[in-house]
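Under our numbering, think of the first position of the sequence shown as 378, with each following residue one higher.
Every residue gets a Cβ at the ideal spot worked out from N, C-alpha and C, and that includes glycine.
Just so it is clear, the structure is predicted and the values come from calculations on it, not from any experiment.
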Amino acid sequence: MRITAQLTLVMSLTFALTAPIAAQAQEPPESSQAQAPPVSQAGAAPPQVAFEYSDGYRLRAKIHKVASFATLPLFATEGVLGQSLYANPTGAKKDAHLAVAAGLGALFGVNTVTGVWNLVEARKDPTHRGRRLAHGLLMLGADAGFVATGALGPDDDDAGSRSTHRAVAFTSIGMATAGYLIMLFGGD
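1) Examine the Cβ distances between the region 439-455 and the region 463-471 and report whether three or more of them are shorter than 8 Å.
2) Buried or exposed for Asp520, please, with buried defined as at least 16 other CB atoms from any protein chain shown within 10 angstroms of its CB.
3) If I follow the unbroken alpha helix (DSSP H) through Ser549, where does it start and stop?
4) Measure the alpha-carbon distance for Gly513 versus Asp472 and round it to whole angstroms.
5) Pick helix, strand or coil for His474, following the three-state DSSP scheme.
6) Go to Gly530, then tell me how far its alpha helix (DSSP H) extends in each direction, as first and last residue.
Now the structure itself:
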């Protein structure tokens, strides 16, 4: 019961935080509707209006991208440590697992702040809007899953909570990896 209540709370918070962004992405930007010239007789779409980003946006994007390089190596390290700890628990493995988890928490903290801030600033830019929104929603869902993973940290003797902790962790890693790959291979 405790696990279900925590997961429900985490998912509710995720949807509450992302619903305004998702709703805004569904609305067409007013400025491009008012300024868009009619489609030519050949049927070609009108050229996109340039969208100006701030210097702060560019700095946050650079921080976000550089920090993101640590994502997959940390996931792999945490997966190996977690599996080893699951199969043969020791104090040293648990300490290493917690240290890498703290690193992941810090990484996701930095990338959540910079990513959400830039997502909000870029909300009126129609270029790659769907890709940015999909990335953001997947990563926020992974954030919620990582919080749940930490909350579900197993007791030493409880095998059921260990498997739940592991399942939520790997689901969150999968969501985050999908969001990461969307931006990595999405093209520009």
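To lay it out plainly:
1) no
2) Walking along the sequence shown from the start, residue 520 turns up at place 143. Buried: at least 16 other Cβ atoms inside 10 Å.
3) The residue you call residue 549 lines up with position 172 of the sequence shown. Residues Ala536 to Phe562.
4) Your numbering for residue 513 matches position 136 in the sequence shown. Your numbering for residue 472 matches position 95 in the sequence shown. Cα to Cα, Gly513 sits roughly 31 Å from Asp472.
5) In the sequence shown, counting from the first residue as 1, residue 474 sits at position 97. If DSSP states are grouped into helix, strand and coil, His474 belongs with the helices.
6) Numbered from 1 along the sequence shown, position 153 holds the residue referred to as residue 530. No alpha helix (DSSP H) contains Gly530, which DSSP labels as neither H nor E.
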